[in-house]
Amino acid sequence: MPRFPPSPSQRLTTPRFLLQEDWDNWGWVSLHCLGTFIYADILDYKNLREIVVNNRITWLVHYSALLSAVGEANVPLSRDVNITGLHNILDICAEHGVRIFVPSTIGAFGPTSPRNPTPDLCIQRPRTIYGVSKVHAELMGEYYHHKYGLDFRCLRYPGIISADSQPGGGTTDYAVQIFHDAVKTGIFVCNLKADTRLPMMYIVDCLRATLEMMEAPAETLSMRTYNINAMSCTPEDLVQEVQKQLPGLHIIYNVDPIRQAIADSWPMNFDDSNARKDWGWKHEYELPELVQTMLNFICTNSRLTHSN
Numbered sequence: 001m002p003r004f005p006p007s008p009s010q011r012l013t014t015p016r017f018l019l020q021e022d023w024d025n026w027g028w029v030s031l032h033c034l035g036t037f038i039y040a041d042i043l044d045y046k047n048l049r050e051i052v053v054n055n056r057i058t059w060l061v062h063y064s065a066l067l068s069a070v071g072e073a074n075v076p077l078s079r080d081v082n083i084t085g086l087h088n089i090l091d092i093c094a095e096h097g098v099r100i101f102v103p104s105t106i107g108a109f110g111p112t113s114p115r116n117p118t119p120d121l122c123i124q125r126p127r128t129i130y131g132v133s134k135v136h137a138e139l140m141g142e143y144y145h146h147k148y149g150l151d152f153r154c155l156r157y158p159g160i161i162s163a164d165s166q167p168g169g170g171t172t173d174y175a176v177q178i179f180h181d182a183v184k185t186g187i188f189v190c191n192l193k194a195d196t197r198l199p200m201m202y203i204v205d206c207l208r209a210t211l212e213m214m215e216a217p218a219e220t221l222s223m224r225t226y227n228i229n230a231m232s233c234t235p236e237d238l239v240q241e242v243q244k245q246l247p248g249l250h251i252i253y254n255v256d257p258i259r260q261a262i263a264d265s266w267p268m269n270f271d272d273s274n275a276r277k278d279w280g281w282k283h284e285y286e287l288p289e290l291v292q293t294m295l296n297f298i299c300t301n302s303r304l305t306h307s308n
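Residue numbers 1 to 308, in full-length UniProt numbering, belong to the letters of the sequence shown in order.
Here it is as structure tokens:
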């Protein structure tokens with residue numbers, strides 16, 4: 001398969017449900033790099049099937065989902081998009097021999113899961129519709145793999161931090177919003193407690209992990225769903241690192257009880273030793289490099305915006 005991002009001459013057709021938070025996962029990539037781009041309703045099975053057949057799709061990367069906090073505000077829509085949409089995609093892929101990657105999440109674990117570290121295989125039992133739908137995706141994908149031979153692959157992402165996409169309704173949004181606020185206003189209001197520890201990763205590492213897992217020979221995979229991790233940090237850790245670059249940053253903690261309850265049920269740290277052993281996963285960005293890269297990008301964009 002081609003490296004990401006593909007050149008304009010390469011075709012990447014992604015069935016989408018029209019939700020901005022879903023696109024945010026790939027927001028760092030310019031649209032002109034993506035070749036053919038088709039809007040589609042993830043609940044329209046017939047149209048999705050036509051797109052796959054007409055464009056001779058061989059790999060499908062399925063990112064359509066409502067995230068954790070947004071999902072709790074609209075459970076029926078989350079159920080439709082995250083579960084029924086997944087069923088459509090799995091059936092189409094199984095019927096047409098399409099290989100499929102579906103991301104999972106730290107949200108696939110719950111308060112009874114071991115939290116520090118959280119292994120690949122343990123009790124899950126999440127308390128959000130987002131987490132429930134992702135556990136469902138993991139199990140359905142593995143079932144289709146064993147039942148129908150579907151090449152299903154899945155990574156449990158930590159909180160993903162990206163410089164050129166806005167927060168999309170997730171519990172780890174604070175780790176993106178802090179950079180924009182630090183540059184624009186110098187004041188950041190955090191909706192989680194200062195000592196809330198969660199696993200995090202920079203978007204470049206996330207996309208590279210995704211490609212490496214998709215490209216890994218099937219015989220190297222001892223499982224179909226893996227944890228991946230880079231760092232584990234608290235809001236206080238992140239604030240202190242940003243303040244090394246922008247010492248004038250002022251932090252206000254205004255805890256959102258819904259998001260805090262979700263975060264308190266999630267892993268504090270991911271055990272990704274199986275991914276490192278089986279297909280050589282290794283992250284590149286630690287917290288200092290992530291902060292420097294994020295601030296460089298946002299400051300540069302801010303200057304360009306003002307100059308225009």
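Backbone N, C-alpha and C define an ideal beta-carbon position, used for all residues, glycine too.
Tell me, which residues are paired with residue i by DSSP?
{"i": "residue 101", "result": "61, 153"}
{"i": "residue 227", "result": "156"}
{"i": "residue 221", "result": "Partner(s): none; residue 221 has no beta bridge."}
{"i": "residue 270", "result": "118"}
{"i": "residue 232", "result": "199"}
Can you round the beta-carbon distance between residue i and residue j to whole angstroms, since I take them to be within the 8 angstroms contact cut?
{"i": "residue 154", "j": "residue 104", "result": "5 angstroms"}
{"i": "residue 201", "j": "residue 160", "result": "6 angstroms"}
{"i": "residue 216", "j": "residue 279", "result": "4 angstroms"}
{"i": "residue 100", "j": "residue 62", "result": "6 angstroms"}
{"i": "residue 123", "j": "residue 113", "result": "6 angstroms"}
{"i": "residue 284", "j": "residue 205", "result": "6 angstroms"}
{"i": "residue 111", "j": "residue 232", "result": "Going by Cβ atoms, the distance from residue 111 to residue 232 rounds to 18 angstroms, so no, they are not a contact pair."}
{"i": "residue 48", "j": "residue 80", "result": "Actually they are not in contact, since the Cβ atoms of residue 48 and residue 80 sit about 14 angstroms apart, beyond 8 angstroms."}
{"i": "residue 126", "j": "residue 269", "result": "Residue 126 to residue 269, Cβ: 17 angstroms. No contact."}
Per DSSP, what kind of secondary structure is residue i in: helix, strand or coil?
{"i": "residue 292", "result": "helix"}
{"i": "residue 113", "result": "coil"}
{"i": "residue 51", "result": "helix"}
{"i": "residue 190", "result": "strand"}
{"i": "residue 118", "result": "strand"}
{"i": "residue 161", "result": "strand"}
{"i": "residue 37", "result": "coil"}
{"i": "residue 14", "result": "At residue 14 the pLDDT is 35, less than 50, meaning the model places this residue with poor confidence; the figure from the coordinates comes in the next sentence. Residue 14 falls in the coil class under three-state DSSP."}
{"i": "residue 257", "result": "helix"}
{"i": "residue 32", "result": "Because residue 32 sits at a pLDDT of 43, beneath the cut-off of 50, its placement in the model cannot be relied upon, and the point is left open."}
{"i": "residue 285", "result": "coil"}
{"i": "residue 43", "result": "coil"}
{"i": "residue 300", "result": "helix"}
{"i": "residue 171", "result": "coil"}
{"i": "residue 76", "result": "helix"}
{"i": "residue 280", "result": "coil"}
I'd like the span of the beta strand (DSSP E) that includes residue i, first residue to last.
{"i": "residue 250", "result": "250–253"}
Between which residues of its own chain and residue i is the CB-CB distance below 6 angstroms, once the five residues before and five after are set aside?
{"i": "residue 148", "result": "94"}
{"i": "residue 68", "result": "107, 128, 130, 170, 171, 262"}
{"i": "residue 133", "result": "82, 83"}
{"i": "residue 89", "result": "62"}
Quick one: residues in its chain with C-beta nearer than 7 angstroms to the C-beta of residue i, no 5 flanking neighbours on either side, listed in chain order?
{"i": "residue 281", "result": "209, 212, 228, 272, 275"}
{"i": "residue 224", "result": "141, 142, 145, 152, 153, 154"}
{"i": "residue 191", "result": "174, 254, 255, 256, 259"}
{"i": "residue 235", "result": "174, 190, 192, 194, 196"}
Tell me which residue opens and which closes the alpha helix (DSSP H) that residue i is part of.
{"i": "residue 202", "result": "Unbroken run through residue 202 is the beta strand (DSSP E), 198–202; no alpha helix (DSSP H)."}
{"i": "residue 179", "result": "174–184"}
{"i": "residue 92", "result": "85–96"}
{"i": "residue 238", "result": "235–245"}
{"i": "residue 136", "result": "129–148"}
{"i": "residue 311", "result": "The question about residue 311 has no answer here: the residues shown for the chain are numbered 1 through 308."}
Output needed for residue i: all residues of its chain with C-beta closer than 8 angstroms, excluding positions within five of it in sequence on either side, in chain order.
{"i": "residue 186", "result": "246, 248, 249, 250"}
{"i": "residue 177", "result": "167, 188"}
{"i": "residue 157", "result": "103, 104, 105, 106, 201, 206, 228"}
{"i": "residue 119", "result": "227, 271"}
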